[in-house]
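Under this note's numbering, read the sequence shown as residues 73 to 189, first letter to last. Data block below; observations after.
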Amino acid sequence: VEKEEAARRSLLPRIYLLIIYPLVLLTKVYLASFKMIIPVISGQSNPRVVHFRTRLKSELARVVLANSITLTPGTLTLDLDNDHLIVHWLDAKTIHSHYAARLIKGHFESWLKRIWM
Numbered sequence: 073v074e075k076e077e078a079a080r081r082s083l084l085p086r087i088y089l090l091i092i093y094p095l096v097l098l099t100k101v102y103l104a105s106f107k108m109i110i111p112v113i114s115g116q117s118n119p120r121v122v123h124f125r126t127r128l129k130s131e132l133a134r135v136v137l138a139n140s141i142t143l144t145p146g147t148l149t150l151d152l153d154n155d156h157l158i159v160h161w162l163d164a165k166t167i168h169s170h171y172a173a174r175l176i177k178g179h180f181e182s183w184l185k186r187i188w189m
């Protein structure tokens, strides 16, 4: 009985985060769309394909991360293989995988990690 009650208590905060996540995603998509205006109009984009890993353990969380990256203007997830992502980045700031990962997956991964512990 105690285990079931503890599981219910730990699930409620995660459901709350799951409800908030679409708002976080929408905000990031909105901001990224403005950041992409100048490179697209000026033709000064710097397209690259970058590879990086995610620390998410849940397969569902990884899929949500890949889709969140794809929904964000300027990035497109080309492949997700276990914890490895390949992303096309329209206006790449770096080709270094750790820095690219931080810029691309940014807050998405930390939010998803809290939702799917």
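Even for Gly, the Cβ is constructed at its ideal location relative to N, Cα and C. All figures in this text were calculated on a predicted structure; none of them were measured in a lab.
Do N118 and D153 have their CB atoms nearer than 8 Å?
Judged by their CB atoms, N118 and D153 are not nearer to each other than the 8 Å cut-off.
Please state if the CB of A104 and the CB of T144 are separated by a distance shorter than 8 Å.
Yes, these two residues count as a Cβ contact at 8 Å.
Give the DSSP-derived three-state secondary structure of R127 in the structure shown.
coil
Are at least three pairs of beta-carbons, each pair with one atom in the segment 88 to 104 and one in the segment 122 to 129, less than 8 Å apart?
no
Here's the rule I'm using: 16 or more other beta-carbon atoms within 10 Å means buried, otherwise exposed. How should T99 be labelled?
exposed
Using the Cβ count rule (16 or more neighbours within 10 Å means buried), how would you classify V101?
Exposed.
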